[in-house]
Amino acid sequence: RACTDITFRFPFGTQELMGIAARGNYDLTQHSEGSGKSLEYYDDATKEKYLPHVIEPSLGVDRLILALICSAYAEDEISGEKRNFLKFDPKIAPVKAVVLP
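Spelled out as structure tokens, the structure:
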């Protein structure tokens, strides 16, 4: 069993963005015992039954969106005037648009 974190370097520090846990067959064993139903898989080729292992990814949508916004944040200066804007990669924002005052 193993667990690993995928981190992102935010402007306020490095934080976990996603976790991936190899849970073994613990979860399915607990569900099987609790429900009284077998969750074993039967393999026709080998004629064997086994309980699959589970890999559990965990991703927070709020942190993912924050990471996208932080990655797109840009500053520029034109004629001495500073401006802040979001410069998304075209794969994320394939449509060009502008909102003017």
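Counting in the numbering used here, the sequence shown runs from 709 upward without gaps.
Positions of the beta carbon are idealized from the N, C-alpha and C atoms, including for glycine.
For residue i, the residue or residues it bridges with in DSSP
i	result
Gln723	Phe716
Gly732	Val762
Leu772	Leu772 pairs with nothing; no bridge assigned.
Ile804	According to the sequence provided, residue 804 is Lys. The question's Ile does not apply to it. Lys804 pairs with nothing; no bridge assigned.
Through-space distance from residue j to residue i, alpha-carbon basis
i	j	result
Ala753	Ser746	20 Å
Gly721	Ile773	16 Å
Ala730	Asp770	24 Å
Start-to-end residues for the beta strand (DSSP E) that takes in residue i
i	result
Asp697	Residue 697 is absent from the structure shown; the chain starts at 709 and stops at 809.
Asp784	781-786
Phe796	First-last for Phe796: undefined, no H or E at that position.
Cβ distance (whole Å) where residue i is taken to contact residue j below 8 Å
i	j	result
Asp784	Arg791	5 Å
Lys795	Ala805	Not really, about 13 Å apart at Cβ, beyond 8 Å.
Leu736	Pro760	7 Å
Lys755	Tyr749	Rounded, the Cβ-Cβ distance is 12 Å, inconsistent with contact.
Check: residue i C-beta below 7 Å from any heavy atom of the ligand SAM
i	result
Val807	Absent from the structure shown: the ligand SAM. Ligands present: none.
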